[in-house]
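Below is one structure, written out as structure tokens; comments come after it.
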Amino acid sequence: MEKDHRLTRRNFLKKGAMVTALGAACTVGVTGTASAKAGTYATLIDLTRCDGCKNEPIPKCVEACRKENVKKFPEPREPIKNLWPQKTFDDWSKKREVTNQLTPYNWTTVQKVEVEGEEIFIPRRCMHCDNPPCANLCPFGALNKYSDGSVVINHNLCMGGAKCKAVCPWHIPQRQSGVGLYLKLQPMPAGGGVMYKCDLCHDRLKNGMIPACVEACDKRLGDKKPLHFGKRDDLVKIAHERAKEIKGFIYGENENGGTATFYVSKVPFERIDSKLKEAKSSLPMSKVLNPLRAVNSWAKGFLIAPLISGLAAVGLAVYHRRIEKMEEEKE
Ligand code: SF4
Ligand code: SF4
Ligand code: SF4
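Going by our numbering, the sequence shown runs without a break in its numbering and finishes at 331.
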């Protein structure tokens, strides 16, 4: 019989056994806020349990995400014109089959590293930060942090200026040119297409369902699945219990000021990060602080917030690059 994958008391995570059981079934709120923490949802990814779906053509979580979001994928207007004044554009529409990295047509991917002869598979996608720089610094207000925990790009408002990508510590959002509002406003240096990324299956949450990737992983592995979805506060506790049980480590609880995606691993994340960097991955797992705290208090009360946001976005992009450079030099 098909499992019930709706957000019910029955299919939440269960303490200890890492099966389903958190809190009561609830209607997910969808208010857009700058920051939303208490009562929001989150995902826990247990790296000791992910086998990368090695024997499948593509990982089941990746396949499910692509299927779920196919209607949201961009259909660019050809020919795609060069951006102004950069004389370039981003076009993934002829490489839709790519699954080993994030693209506008692939919102989750599974990385692989080897540490001391052990393979580690790492499902990656937007971390859904508690205080997301991408949403707070988008000059067009195209991103929102919702009370269900998701950070969502409004594709109808996005100009594709890619500030969100520049200020995201993991550079998650990906641009497709030849689509969106900027076509009507060209030439314009701020534009260039539309940005795409995981939206935590915001529409499914509104309908009381769990994310498609979590559902697919559950169908394949049942109680042994690495992906778990539930209330953030409950998942934090379970992540700590699991980390204690395996003498392991947590990533995501405090990174970038806290996120709605937690990883648990037996191997320290510093080692995973250095392996990812060794492999020149564009998706590292470095320790990141949230420099927005300072920017937020500084900008509070100003009517010129969008301008400040734009300037702060540029500043933050430079800041992240400097941190990356310092880390590279340290290594
Ligand atoms: S998270 Fe689940 S579905 Fe995705 S690669 Fe790992 S085991 Fe497979
Ligand atoms: S991971 Fe990046 S894109 Fe996702 S919410 Fe955080 S800052 Fe935004
Ligand atoms: S939460 Fe939804 S959009 Fe995000 S990776 Fe999973 S299936 Fe894709």
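Think of the CB as a built atom: it goes at the ideal place given N, C-alpha and C, for glycine as much as any other residue.
Would you verify that the beta carbon of residue i is, or is not, closer than 9 Å to some beta carbon of chain B?
i	result
F121	Structure shown: chain B not included; a single protein chain is present.
Here's a check: name, in chain order, each residue in its chain whose Cβ is nearer than 6 Å to the Cβ of residue i, leaving out the five neighbours to either side.
i	result
S93	P76
T31	In this prediction, T31 has a pLDDT of 42, which is less than 50 and means its spatial position is unreliable; what the coordinates show is noted afterwards. Around T31: S147.
F140	L157 and M159
C126	I172, K197 and C198
F269	F249, Y251 and M285
If you draw a straight line from the C-alpha of residue i to the C-alpha of residue j, how long is it?
i	j	result
E63	K72	15 Å
E215	K95	26 Å
L235	Y41	9 Å
N55	F121	13 Å
T20	P85	Because the pLDDT of T20 is 33, which lies under 50, any placement of that residue in the model is unreliable, and the question is left without a value.
Q174	G208	28 Å
K112	D51	10 Å
N156	P133	20 Å
A135	I58	31 Å
K347	G180	The chain is shown only over 1 to 331; residue 347 falls outside these bounds and no answer can be derived.
D218	L44	13 Å
P104	P74	7 Å
P169	L143	16 Å
G248	C164	32 Å
R220	K60	8 Å
M204	G117	According to the sequence provided, residue 204 is Arg. The question's Met does not apply to it. Cα to Cα, the separation comes out at about 39 Å.
L183	E78	11 Å
V115	A243	18 Å
P211	L185	35 Å
D46	L227	7 Å
R232	Y251	14 Å
R338	S282	This structure leaves residue 338 out entirely; the chain is present only between 1 and 331.
Can you list, in chain order, the residues of its chain with a C-beta nearer than 7 Å to that of residue i? Leave out the 5 residues immediately preceding and following it.
i	result
T109	V62, T99, N100, Q101, L102 and R124
P306	Note that P306 has pLDDT 49, beneath the 50 cutoff, so the model's placement of it is unreliable and no number is given.
Kindly examine ligand 3 and report whether one of its heavy atoms sits closer than 8 Å to the Cβ of residue i.
i	result
R204	yes
V113	no
T48	no
T108	yes
E56	no
Which same chain residues end up closer than 8 Å to residue i when comparing Cβ atoms and leaving out the 5 residues on each side of it in sequence?
i	result
I246	T48, V264 and K266
K280	none
F89	I80, K81, N82, L83, S177, G178, G192 and G193
E253	V236, A239, T259 and F262
Heavy atom of ligand 1 less than 8 Å from the Cβ of residue i, yes or no?
i	result
D51	yes
L83	no
I120	no
A239	no
R232	no
Please find out if some non-hydrogen atom of ligand 2 comes closer than 8 Å to the beta-carbon of residue i.
i	result
M209	no
N256	yes
L185	no
H155	no
Jot down the residue ranges of each uninterrupted beta strand (DSSP E) in the stretch 217-286, minimum 3 residues, whole runs only, in chain order. 227-231, 249-251 and 261-265
Counting only runs that start and end within the stretch 28-91, where is the alpha helix (DSSP H) found for 4 or more residues in a row? 60-69
Would you list, in sequence order, the uninterrupted alpha helix (DSSP H) runs of no fewer than 4 residues that lie entirely inside the stretch 146-218? 163-167, 182-185 and 202-206
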